[in-house]
Every structure is written in structure tokens, then in C-alpha cells.
Amino acid sequence: MSVYDFSKIEKKWQKVWKDNNQYKMDTRDDSKPKYYCLEMFPYPSGKIHMGHVRNYSIGDVVARFKKMEGYNVLHPMGWDSFGLPAENAAIKHGVHPHKWTMANIEEMKDQLSMLGLSYDWDKEVATSTPEYYKWTQKIFLKFLENDLAYKKKSFVNWCPSCETVLANEQVVDGHCERCDTLVEKKELEQWYFKTTEFSEELLADLDTLDGWPEKVRLMQKNWIGKSHGAHVDFKVKDMDKTITVYTTRPDTIFGTTFMVVAPEAQLARDLVAGTEYEKDLDEFLTKMHTMTQIEREAADLKKDGRFIGRYVINPITNKEMPIWIANYVLADYGTGAVMGVPAHDDRDEDFAKTFDMEIVPVIDEDGKMINSGEFTGMDKDEAFKAIIEKLEKDGLGKSTTNYRLRDWLISRQRYWGCPIPVVYCDDCGIVPVPEKDLPVLLPTDVEFTGKGESPLTTSETFNDCVCPKCGKKAKREVDTMDTFVDSSWYYMRYADNQNTEDIFDSEVIDKWLPVDQYIGGVEHAILHLLYARWFTKAFNKMGMTKHVEPFKNLLTQGMVLMDGSKMSKSKGNIVSPVEMVEKYGADTARLFILFAAPPERDLEWSEQGVEGCFKFLNRVFRVVDELADIAKVNHEFGELTKEDKAMRAKTNSTLKKVSEDLSDKFGFNTAIAALMELINDLYKYKELDTRNDAVIKEAIEAVVVILAPFAPHLGEELWSMIGKLGSIFDIRWPQYDAEAIKSDEIEVVVQINGKLKSKIMIDAKTSREEMQEIALKDEKIVEAIEGKNVVKVIAVPGKLVNIVAK
């Protein structure tokens, strides 16, 4: 008997697939219905991890199954290859980011190939190549042209030691991740995408995404944060100035006793200009610059502030209220000013108690208005509307819908990112780079010191240029784009990645969008998925696609854990996929990771579980090897015994279950469990003295087909072993025989006067009269009706017998 030599088998079939272009597909082929299966592409760190294995194995099963169902399947892979780690490697090891990145891509591509994944590598993209970022730059220019990109001043994270700007993700507990220096805030001019342009569409269209997990939709809904309230105008005392505040609680305006302003807001600067309080503001700003936005929004933040010597007039009560700057108010929320209602807001209450300010309750426990003038006694919901009406009538405010969502700051003071294609001219201002001059290439003559501004500023060949508009000297933009920009449209480029004339052909994209199944980690639930949705809506507005959503169905797979914790280098609980494949084979690694838990749940790593899957594949190999000669020949079923029928029923019921598990849900674990049961029954059946070769052939073929999407190398090998030509993945997924599942015997309930007394097994074809006769002879029934008069017997074929007895 042959031995399951997984290493030989897997290398053999990977070569066959590569030589035969097994997974090459044409996105312009209209002969079959389309199916776009996509896993989130990775950052090329150089090493794949078990999270990658899980993500990509899930997608591979879906892609293979859909291909066997008759779809033209787009299943691409690429690389999110811009990013800070490459730049850090340049600083630390003196290797250029491009060289470091491309070496990592090749290494990870080899590792992914070991897993036998069905990618069409002709569709590959890498976001850090000029062939890709040329089109990212064109997208930026289109956004600029359509008023979806703009530049403004904003506060950024600044490391005084590294003398550079840090992205939020580079700030850890308020410190620079590289040198651990306390991070400050610094005001710089930055580029933004107008995500707020589609606030309402991003929110409303969540209701159309019924193929997304509810938790993800809720996370996005909360992030967008739609609220209804009012803009209220507060006149500043002794100044020709009005401060407009957005509030979701206009019903509490009678309880407003002070106003708080974000210290970094221009409003605060305007209020203290030329007064003794300018110094207080500067000192407080310095203190605030060491805090992150997350820290300042925390509920348990210790409230701090400064009175800035100004007062506003409450437009409803006409009372003077002091204006303070406070650490819990942010410049980008509403107007940067908040009316303080300490009786009905926890943060305002903490602040008022800290600085001993008045607290005036205006709503009682029953929701009725108190201390509210003409509105006293009203229900608070009624007062909400009535107070807004009064404000509007008196020209002091208006009803407003607001969103928590902010415009997307895309500027990064980094080298290894997509250059922003604009130049600055003293005469012409901001000038877009003409499309004919794209891509604006990253220069190679840069210094990676980790200090100062973007490394692009050190390039002698990059900075100085000619203004495309007037021909005079100009300077290039030295910021690069946030890498989320690259990953917001890559799924579109896959479908038309060889296009050298434009971003993509709209006809091709309209055909392939939305992605039918998107798979990735829940950690991307907000930013990446929200940005991708925004890009699609922006493209739709600009006439580039007819679609408004990028992903029809979304699966967020769980993490791979060891001893209850996420695998990580720092915890020393990493399992190397490469070592696992070398020891057990790719098919075993795939099978375990698909069998150990439902895909949406976390998976606990188990060496014992891996060994169990390896033993199972050995069992499958042995039984197919033993029975291969029978499976190579056509046989007639002939007269079937009870055992033959039971085996056929098991084979076809398993095929039915697996088909349903793969078609309607991600039931990989239950499908594999059903296959394991089928193998157990087949082992028992083949040992019978009287076995039917046609039944064995049917079972073997079903086993091989069911196994193939999960363990593709072994699936191909077994398909070949039983005499089949070509790839198993080129056949149509088989239909189960519904008649074979039907049992010859059925269970019938027997009642006496409507109460259950027994159950009997009878032939499915038993007549009504025979059912009555069998029921009356059942031991339990004979005993139950002893001494009674049987008035009537009612039989319902295939269901029940009811005996009426007195």
C-alpha cells in the first residue's frame, strides 16, 4: 500500500497548477456568471503568520467551490506595500525601502504558494510600485478637481526628539514609539479628503449591506455618529462676536451655566487676543499637546481648564456665563465650543464641581421640565421641539443634523508612501501636476535619519521643479499619502490591473463590483472598510462606476490564539506556518484551521488537533488507495441490500450537507465533520462480506470531491489515483441523489385518544390498512387497550395512527 507522502504530492501539484496556468482567468469573459472572492491583502513583512493562513484558507475554499459551481471566479492577491516599517528598516539597517519591500514580497509569495492557494498571480498589484501609485495620484487629482480634496491647517503629533510628525498609530501611551519621548501637538498645513461629503449616504447605505455582520455595521454607524439637535448662537459680552454651539440637548439650555472652548481652536485664540489671558492659553496648550485625542475623550479624564476672562449671554435666559478652555473639548467636534450643562452631562458636572460653578437642574426624574421658564411642566421631548422653534423664531439658532464623522487627514510626513502630485508656486499657488507627468516618482537620493521633516526634503532632485502653469520655479509637495488611500481602491485595480491607459475600465469594474465575498479581520471594521465605501461613492459621483458599495458580503474571521492569547512575538506563542507545512503538509494546516472553529470565532491552536487532522488525511489516502481500482471502473448498482442503501444514503446526505454548508454559510467545520463521519462509515462498509462496487465508487468519488476545496493537493492526487483526467477543480460540483437519501423505513407515532403511547418502524410504502394492523399488534398498544373497546382507528400514511378507545 502506498504512503501519504504529502511533501511530494504538494510540490507535484503546485508545479502542475503553475505549468498549466490553472488559476488564470479573464475578467472580460462573459460566458459564465461572475464571482469575486477577495481576502484583504497583506503588508509584506516578510513572514506569513497563522492569521494569514486562516484568512486565505477561508477565501480559497470559497473560490474553489464557486469555480466548481460554474462561476468565473476572480481570486487575486497583492501587497499593501507602502508603510512605516519599510522606512524604519531603512533607518535601522541602511537598506532602501523599495529593496526591503520587494524582497519581503518575494519571500511571502513563496510562503503563500506553499499553501496551494488558487490565486491568479497575473492580477497581482503592489501599491508601492509606480505602475500602481501613478493611478493613486490620478485619483487624488480627480478628487481635487471635484472638490473632494483640500488643504488646511491642523494639529499633528510632534516628537521633539525625532523632530518629526507622527501618525496616531505611532503614538503609544502619549509617547513616540521610536524613542519614547513625550509627544506634543504642532500645527501644520495638511491635506484632507472630504469624507463628510457622503456622511448621510455612508450611514443610510449600511441598511443595504445585509451580507455584513451586524456588529460591523453598528461600529460604522456609531463612528459616523448622526445626531439631531440645534445650532445655538451665544453673543460674546463686550465683543462684536457670536459663538455658535452645536447641542443635541436644546431642552437643557436653561441649565447652561458656562461655556467651554477647545484650547487649540482658533476661537480660543481670538477670544484672548491682546489680553492678559494669552499667556494662560499658551501654557494650557503646551500641557494639552502632551495628550492624545483618545485620552482627552476618555470618560475618566481628570477635568482641567482655565477661565479666559470672557463671558457669553445665554440667548434664552439672558444670563452671563463665563467662558473657559477645557481639556475635554476638541477643536474638531462641532464648532470647538460646548455649552456646559452640569446638571445633565457627566463631563460638564465633573468640570463644574472641579471649579465650583453653578449647577441648575432643568429636567426631573419623570422627564418633565423644571426651572425652564415658559417651558416648565412640558415633557422634555415636547420641550426639545418647542425650544428649537423659539430659537429659530428669534433668530438665535436653528434645527441641525450633525455627524461625528470628520474629514480624512491623508498627509503623512513620510518617504515610503504615494507622493502627493501638487507643486507650490509663488505666483500660481497650489498647482496640480498634469496627468501626462504622472507618476511623480519617489526619488532615490534621500537620507533616512529618523529626524526632521519628511526624508523627501533631503532630496536634491525632488524638491525643486518648474511650475506646470507658469514655467517659473516651484517646490513639490513633500508629504506622502496615508497608506489607507492605497487600500481604498485596490480591489478595483485587480479586475483591470494591466490597464496602462487609465485607473480602470469602467465597464470592467461595473461588471465585477461589488466584491461578492470579502474576508478579513474585524480590526479593519471602521477605517479601511469605511474609506473603501467612501472611495466607491466618490467614484460613483464622478461617473467612474455605477456602484455605490464595494463589498456585497463580508466575513470577519476570528483570531488564532494560543493558551487563550493572540499569537505574538512578544508573548513567544507563535507557530510558524512554514514549519507547520514542512512537518505536516499544507493540506493538514489548512484542514485544521478550517475544522477547529467556525470562521467568525477565535480559534485555539492545538498541536493535538493538527496531528488529528494529519491522521485523518492519512486515513482518507489509505482508503482511496485501497479502493482505487474499484473506483476506476463503472458499475451498476443492481439489487441493493439494506447495508448498500444505508451507505448510499450516507454518501448523498453528506454531499447534500456539504453543498449547503458551502453555499449558504461558512460551515467549514461542520462540512469537514460530516466528511469524517462518511469516512468512518466507508471503512465499516468496505469490510462487509457483501459489498456493492457501484456504492463504493459513488462514495469514493464523493469523498474526493468534498475533500478537494479543503485539501486541494490531496484532492488532485486522489482524483488522479481513481483514474480521472484533468484537474478536479475543472469539474462541476456534483448533485446529490435525493432518492438515495430517502429511507425505506419510517417512524410512525401511535396514539390512544390523542396521547402518544408508542412509536413503530414501518416500510415507507405501507398502506393505511396495514398501518392500522401493525399498530394494533404493537406490544405497548396491546397492553394499553386491554379491557377497552376500540371504537375507531385513524391512520395518516407516513405520519401517525390514532386509536379511539373507551
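Going by full-length UniProt numbering, the residue at position 127 of the sequence shown is 127; the numbering climbs one at a time, nothing skipped. We put the CB at the ideal spot given by N, CA and C, even for glycine. The structure presented is a predicted model; accordingly, all values stated were derived computationally and were not measured.
Relative to the alpha-carbon of residue i, which residue among the options has its alpha-carbon at the smallest distance?
i: R732; options: G70, D29, K32; result: G70
i: E607; options: R601, L617, D664, T588; result: T588
i: K32; options: K67, K123, S576, E435; result: K67
i: residue 807; options: I308, C418, F462; result: Residue 807 lies beyond the range of the chain shown here (1 to 806); nothing can be said about it.
i: F193; options: T556, I728, F535; result: F535
i: V165; options: L285, D280, H289; result: H289
i: H528; options: Y491, K755, K684, E460; result: Y491
i: I526; options: N618, Q220, V633; result: Q220
i: P361; options: H93, T252, C179, R347; result: T252
i: G520; options: A90, K541, S487, Y494; result: S487
i: I760; options: V750, G373, E769; result: V750
i: E364; options: A230, T354, G377; result: Checking the sequence shown, residue 364 turns out to be Asp, not Glu. Answer by Cα proximity: G377.
i: D147; options: S161, T195, Q111, K134; result: T195
i: Q137; options: I91, W223, I503; result: I503
i: F155; options: L188, H228, A708, A671; result: L188
i: C613; options: V790, N21, F710; result: F710
Residue i: beta carbon under 6 Å from a heavy atom of the ligand FAD?
i: A525; result: As for the ligand FAD, it is missing from this structure, which has no ligand bound.
Going by DSSP, which residues form a beta bridge with residue i?
i: M369; result: I363
i: G211; result: N553
i: S411; result: M481
i: G520; result: T556
i: C465; result: A474
i: T244; result: D233
i: E795; result: Note that residue 795 is Ala in the sequence shown here, rather than Glu. According to DSSP, which records beta bridges pairwise, A795 is partnered with V801.
i: A135; result: Strictly speaking, residue 135 in this sequence is Trp, with Ala absent from that position. DSSP, once it has assigned bridges, lists no residue as partnering W135.
i: W191; result: K151
i: K353; result: Looking at the DSSP assignment, K353 forms no beta bridge with any residue, so it has no partner.
i: N72; result: K34
i: D379; result: K368
Could you tell me the boundaries of the beta strand (DSSP E) in which residue i lies?
i: residue 893; result: With the chain covering only 1 through 806, there is no way to say anything about residue 893.
i: I752; result: 745-752
i: residue 807; result: The shown model of the chain, from 1 to 806, leaves out residue 807, and the question about it has no answer.
i: P322; result: 320-326
i: T401; result: 397-403
i: N157; result: 149-159
i: M761; result: 755-763
i: L38; result: 34-39
i: Y311; result: 305-313
i: A337; result: 337-340
Check residue i in the structure and name its three-state DSSP category.
i: P419; result: strand
i: G255; result: helix
i: V3; result: coil
i: Q111; result: helix
i: H49; result: coil
i: W13; result: helix
i: T164; result: strand
i: W223; result: helix
i: Y491; result: helix
i: V790; result: strand
i: M580; result: helix
Cutting at 7 Å between CB atoms, please list the residues of its own chain near residue i, excluding the five before and the five after it.
i: K571; result: S565
i: F375; result: M369, A383, A386, I387
i: V560; result: M50, G51, R54, M567, L603, W605
i: A86; result: P97, W100, T101, W416
i: Q14; result: S113, G116
i: D479; result: W191, S411, R412, Q413, I420, S454
i: K757; result: V750, Q751, K780, I781, A784
i: S459; result: P443, D445, V446
Along the chain, where does the alpha helix (DSSP H) containing residue i start, and where does it finish?
i: C613; result: 607-631
i: K697; result: 693-707
i: E283; result: 278-288
i: R533; result: 527-541
Looking only at its chain, what residues have a beta carbon closer than 8 Å to the beta carbon of residue i, apart from the 5 residues adjacent to it on each side?
i: D120; result: Y23, K24, M25, L74, H75, P76
i: S45; result: P85, N104, M108
i: I679; result: F616, R619, V620, V623, V703
Tell me which residues share the same chain as residue i and place their Cβ nearer than 6 Å to its Cβ, disregarding the 5 neighbours each side in the sequence.
i: K657; result: A674
i: A331; result: A262, E264, A265
i: P342; result: D348, E349, A352, I359
i: P712; result: G116
At the 7 Å Cβ level, is residue i part of the contact set with chain C, yes or no?
i: K215; result: Note that chain C does not occur in the displayed structure, where there is just one protein chain.
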